[in-house]
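S.K.: The structure under discussion is supplied below as structure tokens; questions concerning it will follow.
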Amino acid sequence: AQSVSQHNHHVILSEAASLELGCNYSYGGTVNLFWYVQYPGQHLQLLLKYFSGDPLVKGIKGFEAEFIKSKFSFNLRKPSVQWSDTAEYFCAVNAPGNTGKLIFGQGTTLQVKP
Amino acid sequence: DAGVIQSPRHEVTEMGQEVTLRCKPISGHDYLFWYRQTMMRGLELLIYFNNNVPIDDSGMPEDRFSAKMPNASFSTLKIQPSEPRDSAVYFCASTRTANTEAFFGQGTRLTVV
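Quick mapping for you: the protein sequence lines, in order, are chains U and V. Going by my numbering, the first sequence opens with residue 385, and the numbers climb by one from there. Going by my numbering, the second sequence opens with residue 519, and the numbers climb by one from there.
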């Protein structure tokens, strides 16, 4: 079955530290990949997405992610985090075959210390 | 567009009562999803619809849960009877097509006491 795995459940960083959050998916076919962010008490918002083309995608607020097909990975990165990046981050995979099914990972809670 | 609209934002109910959560997707979006978020299980897909038709309800936890989409602009998720373990935040999301990003509502925080 299609699944998404996020390895880090809780990450604590100091401001200006670099961030990398891992995401792996299980499906072998063509997929669309997403990272969403959920700030405390709010709904999920799209950070960035990958459909095709350049495997390095840039999103809002200085985030980027790299799609590595051979590793079934789509890791999220940011060179220098800010206190305002404190939030929960979700990786998601859209099922291939045009079924529309959208599956999320368990989420990673990022806490940035000022 | 106002985005995905969910109601109520908060619901507190007693065990055994019926609970109905409501969602209005973005106009023109063909897909609607219901998710449940808990600390233990993260964000679980319960059911999703395409053009008002349920496509996959394999995530619905048990028969106490049911969902409908009578038209393109409205969906409900009903729990009857509710139990304390149903306490969670329930999110509705919609997408324009099968392969576009999802837009989420603000969620309904359900507490069953």
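Yeah, the Cβ is synthetic: ideal placement off N, Cα and C, and Gly gets one too.
For V/P526, tell me which candidate among V/L564, V/F609, V/F567 has the shortest Cα-Cα distance.
M.R.: The residue labelled residue 526 of chain V in the question sits at position 8 within the second sequence. When C-alpha distances from V/P526 are compared across V/L564, V/F609, V/F567, the shortest belongs to V/F609.
S.K.: Please tell me whether U/T470 and U/Q490 are closer than 8 Å, where the distance is taken between their beta carbons.
M.R.: Along the first sequence, one-based indexing puts residue 470 of chain U at 86. Along the first sequence, one-based indexing puts residue 490 of chain U at 106. No. Outside cutoff.
S.K.: Are the CB atoms of V/A606 and U/T483 nearer to each other than 8 Å?
M.R.: By one-based count along the second sequence, residue 606 of chain V stands at place 88. By one-based count along the first sequence, residue 483 of chain U stands at place 99. No; because the gap between Cβ atoms is not below 8 Å, this pair is not in contact.
S.K.: Give me the Cα-Cα distance between V/P599 and U/V441, rounded to the nearest whole angstrom.
M.R.: In the second sequence, residue 599 of chain V corresponds to position 81, counting from 1. In the first sequence, residue 441 of chain U corresponds to position 57, counting from 1. Their backbone Cα atoms lie some 45 Å apart in a straight line.
S.K.: Compare the Cα-Cα distances from V/G546 to each of V/A590, V/R559, V/T556 and report the closest residue.
M.R.: Here residue 546 of chain V is taken as the residue at index 28 of the second sequence, counted from 1. The option with the nearest alpha carbon to V/G546 is V/A590.
S.K.: According to a CB-to-CB cut-off of less than 9 Å, which residues of the region 420–449 of chain U neighbour chain V?
M.R.: Y420, Q422, Q426, H427, L428, Q429, L430, K433, F435
S.K.: Give a yes or no on whether the minimum CB-CB distance between V/Y608 and chain U is below 8 Å.
M.R.: For the purposes of this step, residue 608 of chain V is taken as residue 90 along the second sequence, with counting starting at 1. Cβ-Cβ to chain U under 8 Å: no for V/Y608.
S.K.: Skipping 5 residues on each side, what residues in its chain have a beta carbon closer than 6 Å to that of U/H394?
M.R.: Reading the first sequence from its first residue, position 10 is the one you call residue 394 of chain U. Closer than 6 Å at Cβ, skipping near neighbours: T493.
S.K.: Applying a beta-carbon distance threshold of less than 7 Å, which residues of chain U neighbour V/G625?
M.R.: Position 107 of the second sequence, counted from the start, is the residue given in the question as residue 625 of chain V. Within 7 Å Cβ-Cβ: H427.
S.K.: What runs of the beta strand (DSSP E), each 3 residues or longer, lie entirely inside the region 454–488 of chain U?
M.R.: 457–462, 471–478, 486–488
S.K.: By the criterion of Cβ-Cβ separation under 9 Å, what are the contact partners of V/T613 in chain U?
M.R.: For the purposes of this step, residue 613 of chain V is taken as the residue at position 95 of the second sequence. Per Cβ cutoff of 9 Å: N478, G484, L486.
S.K.: Between which residues of its own chain and U/Y473 is the CB-CB distance below 7 Å, once the five residues before and five after are set aside?
M.R.: The residue labelled residue 473 of chain U in the question sits at position 89 within the first sequence. So the list reads L405, W419, V421, L460, G491, T492, L494, once near-sequence residues are dropped.
S.K.: Nearest to V/H528 by alpha carbon, out of V/I565, V/N568, V/P588, V/T538?
M.R.: Numbered from 1 along the second sequence, position 10 holds the residue referred to as residue 528 of chain V. Of the listed residues, the one whose Cα sits closest to V/H528 is V/T538.
S.K.: I'd like the span of the beta strand (DSSP E) that includes V/L561, first residue to last.
M.R.: Here residue 561 of chain V is taken as the residue at index 43 of the second sequence, counted from 1. Start and end: 560–568.
S.K.: Compute the Euclidean distance between the alpha carbons of U/F451 and U/P498, then round it to the nearest angstrom.
M.R.: The count along the first sequence starts at 1 and reaches residue 451 of chain U at position 67. The count along the first sequence starts at 1 and reaches residue 498 of chain U at position 114. Approximately 30 Å between the Cα atoms of the pair.
S.K.: Does U/F458 come within less than 8 Å of chain V when only Cβ atoms are used?
M.R.: Working through the first sequence from its first residue, we reach residue 458 of chain U at position 74. It does not: the Cβ of U/F458 has no partner Cβ on chain V nearer than 8 Å.
S.K.: Evaluate U/V477 with the Cβ neighbour count: other Cβ atoms within 10 Å of its Cβ, from every protein chain shown; 16 or more gives buried, anything less gives exposed.
M.R.: For the purposes of this step, residue 477 of chain U is taken as residue 93 along the first sequence, with counting starting at 1. Buried, by the Cβ-count rule.
S.K.: Please classify V/Y549 as buried or exposed, where buried requires at least 16 other C-beta atoms within 10 Å of its C-beta.
M.R.: The residue given as residue 549 of chain V occupies position 31 in the second sequence. Flag for V/Y549 reads buried.
S.K.: In the DSSP assignment, find the unbroken beta strand (DSSP E) run with V/T594 in it and report its ends.
M.R.: Your numbering for residue 594 of chain V matches position 76 in the second sequence. Looking at the DSSP string, the run of the beta strand (DSSP E) that includes V/T594 is 592–597.
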